[in-house]
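Input: a single structure, listed below in structure tokens.
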Amino acid sequence: MHTLLTYPFVRARFDWLLFGAVVLIGALFARYVYVHGLLLVMVDQYSHLAIARQVTDSMTPGLSQLGFWPPLVHILMAPATAIDVLFHTGLAAAVILVPILALSAVFLFRLVEMLTHNRVIAIFSTAAYVLNPYMLYYAVTPMSDMLYVALVVIATYYLAHWWHTERLLSLVLLGAVVGMATLARFEGFLLAAVAGGAIMYRLWQRRTSFAHLESTVILYGLLAGIGLVFILIYGWVYGDSPLAFMYNEWSAYAQQRSLFLPTEHNLGVSLQYLLAASKHMLGIPLVVVSMLSAAILLMVLSGRRALFSVIALMLASPFLFDLMALVQGSAVIYVPELPPFDPRFFNERYGLYWLGFAVVMPALLAAYVYERVRSREWYYEPIALFLSAVVMSVTVIGSYTHMDEIVCIGCFDTITNSLQLSPEDHRIATELLRDEYQGGQILMTRALHNEIAVASRIPLRNYILEANYVYFDQALAYPWLFAEWIVMQNANHPDASEWSIENELVLQMWGQDDNILRYYYKVFEGESVTVLRLIPEEVEYFVEQHDIERERVPSLAGREVWNVRETFAYLQERIEAQLSAEQYALDR
Amino acid sequence: MGRVFSATKRLAFGAPHTRRFYIVHAIGQSLFPFLYPKPAQEDTLNYDRVGDHLYLPSHKSAKELMQFETLSLAIVLASAFVLFVATLTAFFSTSVLVILTALVSLFYLVFMLFKLWVVARSFRYRMIDYTPEELAHVTDEELPVYTILVPLRDEAEVMEQIVKAMRSIDYPEDKIDLIITVESFDVATREAIERVGIPANWRVCILPDTQPKTKPKALNVAFREVRGEFLVIYDAEIIPDRDQLKKAYLAFREHPEIGCFQTRLDHYNYDQNLLTKLFNTEFSFQYDLFLPGLQSFNAPIPLSGHSTHFRTEAVRRIGAWDPYNVAEDCEMGTRLYCHGYRTGFINSYSREEAASTVMSWVRQRTRWMKGFIQTTIVHLRHPAQLVEQLGSIWRALVFLLLVPGTVLLNLLNFFSFFILLAWVMTGAETLQDVYPMSILYIASTAAIAGGFTFVYLNLIALYNRGRFHLVRYWFLTPLYWFLLAWATLRAIWQLRDAKHAHAWEKTEHGTHLSSSS
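Chains A and B are the protein sequences, given in the same order.
When we follow the numbering used here, the leftmost residue of the first sequence carries the number 288, and every step to the right adds one.
When we follow the numbering used here, the leftmost residue of the second sequence carries the number 107, and every step to the right adds one.
Structure representation (structure tokens):
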């Protein structure tokens, strides 16, 4: 293999060959997952896909549809989701994310090669990275996890490159990649801080002037901070508060308040849960070998401990962030073997985020062992080779057996047993709408929108959601004048979630109001979802009673969009005029 | 393009020398004179002219700015623009304001993309440079006479500095043909020359007391006395690199196709105050990231007013400078290009004094913008001819973006700033109606992404120059752009009459000396 890698043709084009190979693997894996019906199973997958589509297909298309999740995956998928077949099948994700996985594999290879000066070790490390089943799975489904891990790897490469060369371009690219990472997941905020700290430390170590250090940090920070600034401004513009992403009803904190939080305020338990999740995501061999490697290297490295520590921190930063989030109580993980001993998994994928650390640490140890041992006498070379091969083999074989277990044997148990699976009655509601929808707007909350949006095959501009702002507010006030259908949480079911009852606006407004059944009839009532359909005759009667021009009623005129100032003002004025007249008559 | 143009002309106007041809030609010439270039006999230079020392034909000068060609072109363009806007308004069934907003947003986007493209090219461009060893091999005998023109007015404060800087140039003294020009009424400067003392081979040229009293007129007066094979202009406050003349000589020798070499400019008083810091930030970008990019694809370069090295013969062939243009450097760069001369870039620094007070800076920038407008008007008197001379429609577009485009951008910035302020403070729906979604995205991309990108590029230029401590003032860049917009507005106002149009608001020099003492 060493000879093959040094062959001129291969050497000159290795990056492209590696990129192509990973794309091929990703494409084959996408087909495998699609054929097994695992491409779109979780609520979040549907949600990411729908948000991406809404950027182009909505009553109010544009950036306002991005919502309060870090938007990078939505922005990247938006062009692909505009193509119907890619949107409805979920393959839009694979089209965008598989090349990113391939790119990160190239950068991982370059990173390990730069640190170890050993191409063979770099290949093994990259193989372990690419062969992780969940890394592949999240590269073919619309989730942000693989995207984030990829950005961590690329950022780490540029940091290491800058560390060695102090080239301005590497610093700029580091800042840009970290900025993207902060737009991919909130874990990116810690990554930005770690990289910034590393830059400051390096320049302090080299005794550069304060002005030089300050200017370098500014150049880095202006790019790295883009994500944070975007999220704050977005929250200020669309959520009335820059910190809307932390505290509004869509935040993880709000959505998880009603759940059992075993890790809250407990570092030890948090660590236990996160390691358990890592075991499921990375496999025990990889977790053990990586942690042992890191510990050994920390003890034995003398000259390059600073660089090693920086690399380790960068790659482990997602683990540290999630650990802090677990302790704080804003994140939760469920695995079957720990309380509440639910057989279903929840947020176990947090254990995937430090995959970069898990594959790089053994590579560094293998390289260290190889160099130290062979440098003694020439006859130590085979011993050196053997020892480093053992380390790398454990890494790669560990990944492969994990792949085998999960993909071939277990067929993604963690996915099929997830707490985040799209509820069964969402599927029923989706099929119902797909079969019976014949036009008109559908008033519903975004929380229910996910599978229905993707699988019902109804254009998203026919939905009235909170993300449509004024349209939603107006439709919520008088649904029968604007919406042919209503989909809301079923408040009557005993298992209705606390979050829904507190935050689901359609439910709050009309869930307990029988008046709504004057204008709508129930088409479906499931465990979590109720679907209502308009009774046009009742609306006609209402319109007549209130002396409203029929053509100005969107639900009767079949209009998708209305003039938010004039139409609503007119309707409201007619309704209030009638109410005043009735009141007057009563008083008399 | 020439063949297509000729064929179109033939079709429209009839074959040459027919009656129809002459009738159409006569009508066309009276209504649309900008379509008809002046006959060759009107293009002659006159180096015997005294008074204003304008050697160019009048139609190539900014002396009478509003000539009939300009007026008729302006009317035609204005009419075409109104028709265009009216058509778009009817087609999109929207208001005129929305269309205008869309056009402005598109202009911003195009300008931003153009500048980014130029900057991207600059990273691959290598300036001409020579090692100390290569320079050491140049013998005094092979060096030609080199003319240095030093136009002075009210420069008594910096006389010592000028003389010291010029004397430190590494070039055989007997081969330096240095000419200092001084206004006849500038007694202080003349006394300072005498007090400081100059080498015997330097010449002082007292300028005639004629209008216009501008630097290019001074250069034209001195030009008649030039003896050197090459010439360079150094302003009063300039401190060039010692080896600059030798580098320029080697560059001219190795690149016979090049008529003029630009050098890199810098400020020696960049730390004097906040304004000089921001000014230096702008210069760093301009000379390290932007001009090299322009040079990389041989675009017409708006030259700097000093430290630009010329082949004397090239200057003579194109008619020297236009005494009436207050940005004679920019105009010269375009004219050189039109005459087939290319420019190059030498990696050599000339350091100047940055204007250190707001009014001094505003006056200087007003003059530059005024000169840009004059250059635009002069060169667009015969736009078809300009396209032909520049070589392609693309180069003509580059000229339009660089020269009038810069003026327009600054003007638009002025109004955009107030629109943005009004929207942030009031959130007025009227303003929101003028920015429908698609236009809002274009405008926001140009404003936010474009603004951020150019602030960032400024910082990269500073970082590359090692001016680390200036990077921290990045957030003040938009204020600097506002000052630029204000100066442009002032420039337009000054063009209202001939007196102010040709007025040279001189930049004050020597403030760095008083602040450092």
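The beta carbon of each residue, even a glycine, is placed where N, CA and C say it ideally should be.
If you follow the alpha helix (DSSP H) that Thr481/B is in, where does it begin and where does it stop? Start and end: Val464 to His485.
Count the other CB atoms within 10 Å of the CB of Trp303/A; is the residue buried (16 or more) or exposed (fewer)? Exposed, since its Cβ has fewer than 16 Cβ neighbours within 10 Å.
So Ile566/B contacts chain A; which residues on that side make the cut at Cβ distance below 9 Å? Going along chain A in sequence order, the residues near Ile566/B (Cβ under 9 Å) are Leu455, Val459 and Leu506.
Going by the CB atoms, is the gap between Gln480/B and Ala433/B shorter than 8 Å? Annotated as proximal: Ala433/B and Gln480/B, with beta-carbon spacing under 8 Å.
For a test of your reading of the model: does the CB of Gly477/B fall under 7 Å from any non-hydrogen atom of the ligand ZN? Yes or no. Summarising the ligand content, the structure contains no ligands, and the ligand ZN is consequently not present.
According to a CB-to-CB cut-off of less than 9 Å, which residues of the stretch 480 to 513 of chain A neighbour chain B? Listed by position, the residues of the stretch 480 to 513 of chain A near chain B (Cβ gap below 9 Å) are Thr495, Ser496, Phe497, Ala498, His499, Leu500, Glu501, Ser502, Thr503, Ile505, Leu506, Leu509, Leu510 and Ile513.
Just by C-beta distance, which residues in the stretch 344 to 360 of chain A are closer than 9 Å to chain B? If the cut-off is 9 Å between Cβ atoms, the stretch 344 to 360 of chain A has Thr347, Pro348, Gly349 and Leu350 near chain B.
Unbroken beta strand (DSSP E) runs of length 3 or more, entirely within the stretch 385 to 460 of chain B: which are they? List check, beta strand (DSSP E) in window: 415 to 417 and 448 to 458.
Quick check: the Cα distance between Leu730/A and Leu470/A, rounded to an integer number of angstroms? Straight-line Cα distance between these residues: approximately 30 Å.
Just how far apart, CA to CA, sit Asn755/A and Asp344/A? Distance between the alpha carbons of Asn755/A and Asp344/A: 12 Å.
Pair within 8 Å by beta-carbon distance, Thr295/B and Ala324/B: Judged by beta-carbon spacing, Ala324/B lies beyond the 8 Å limit of Thr295/B, meaning their Cβ atoms are not closer than that value.
Minimum Cβ-Cβ distance from Val530/B to chain A less than 8 Å: No, Val530/B lies away from the interface with chain A (no Cβ there is under 8 Å from its Cβ).
Is the beta carbon of His552/A less than 8 Å from the beta carbon of Gly475/A? No, the Cβ-Cβ distance between His552/A and Gly475/A is not below 8 Å.
Does the stretch 165 to 176 of chain B come close enough to the stretch 468 to 484 of chain B that 3 or more CB-CB pairs lie under 8 Å? Segments in contact, yes.
I need the boundaries of the alpha helix (DSSP H) containing Lys352/B, first residue and last residue. In the DSSP assignment, Lys352/B falls within the unbroken alpha helix (DSSP H) covering Gln350 to Glu360.
Residues bridged to Glu812/A [DSSP beta-bridge criterion]: Looking at the DSSP output, Glu812/A sits in a beta bridge with Thr817/A.
In the DSSP assignment, find the unbroken beta strand (DSSP E) run with Leu162/B in it and report its ends. Counted as a single uninterrupted DSSP element, the stretch harbouring Leu162/B is not any beta strand (DSSP E), since DSSP gives it neither H nor E.
Tell me which residues share the same chain as Ile268/B and place their Cβ nearer than 6 Å to its Cβ, disregarding the 5 neighbours each side in the sequence. Excluding positions up to five away in sequence, the list reads Ala342.
When the distance is taken between beta carbons, is Ile452/B closer than 8 Å to Ile275/B? No. Outside cutoff.
CB of Ile285/B within 8 Å of CB of Glu458/B, strictly: In this structure, the beta-carbon distance from Ile285/B to Glu458/B does not fall below 8 Å.
Counting contacts by CB-CB distance shorter than 8 Å, is Met543/B in contact with chain A? So yes, Met543/B belongs to the interface.
Here's a check: name, in chain order, each residue in its chain whose Cβ is nearer than 6 Å to the Cβ of Asp283/B, leaving out the five neighbours to either side. Taken in chain order, the residues that qualify are Val251, Thr253, Arg333 and Gly334.
Measure the beta-carbon distance from Arg661/A to Tyr655/A and round it to whole angstroms, keeping in mind my assumption that it falls under 8 Å. The pair is not a contact, with the Cβ atoms about 11 Å apart (cut-off 8 Å).
Buried or exposed for Ile554/B, going by 16 or more other Cβ atoms inside 10 Å? With fewer than 16 other Cβ atoms within 10 Å, it is exposed.
In angstroms, rounded to a whole number, what distance separates the CA positions of Ser178/B and Leu141/B? For Ser178/B and Leu141/B, the distance between alpha carbons rounds to 10 Å.
To the nearest angstrom, report how far apart Ala740/A and Glu860/A are at their CA atoms. Counting only the Cα atoms, Glu860/A lies some 34 Å from Ala740/A.
What do you get for Lys691/B, buried or exposed, if any count of 16 or more other CB atoms within 10 angstroms of its CB means buried? Since the first residue of chain B shown is 107 and the last is 623, residue 691/B is not available in this structure.
For Tyr569/B, return the contacting residues in chain A, with the cut-off set at a CB-CB distance below 7 Å. What Tyr569/B touches in chain A: Leu455, Ser502 and Leu506.
What is the DSSP secondary structure of Thr732/A, reduced to helix, strand or coil? In the three-state reduction of the DSSP assignment, Thr732/A falls in the coil class.
Closer than 8 Å is the cut-off here; do at least three beta carbon pairs connect the stretch 333 to 343 of chain A with the stretch 411 to 420 of chain A? Taking a cut-off of 8 Å on C-beta distances, the stretch 333 to 343 of chain A does not touch the stretch 411 to 420 of chain A, as fewer than three cross pairs fall below it.
With DSSP as the reference, label Val614/A as helix, strand or coil. Helix at Val614/A.
May I ask which residues mark the beginning and end of the beta strand (DSSP E) holding Phe336/B? Annotation: the continuous beta strand (DSSP E) that includes Phe336/B extends over Phe336 to Ile339.
Please name the residue, chosen from Pro584/B, Ile548/B and Arg230/B, that lies closest to Glu388/B on a Cα-to-Cα basis. Selected option, being the one with the closest Cα: Pro584/B.
Checking contacts by CB at 8 Å: is Arg155/B closer than that to chain A? Contact with chain A is absent for Arg155/B, since none of that chain's Cβ atoms lies less than 8 Å from the residue's Cβ.
Any idea if Phe301/A is buried or exposed, counting beta-carbon neighbours within 10 angstroms, 16 or more meaning buried? Burial call: buried.
Sequence-distant residues of the same chain with beta carbon closer than 6 Å to Trp767/A, five excluded per side: So the qualifying residues of the chain are Tyr806 and Val826.
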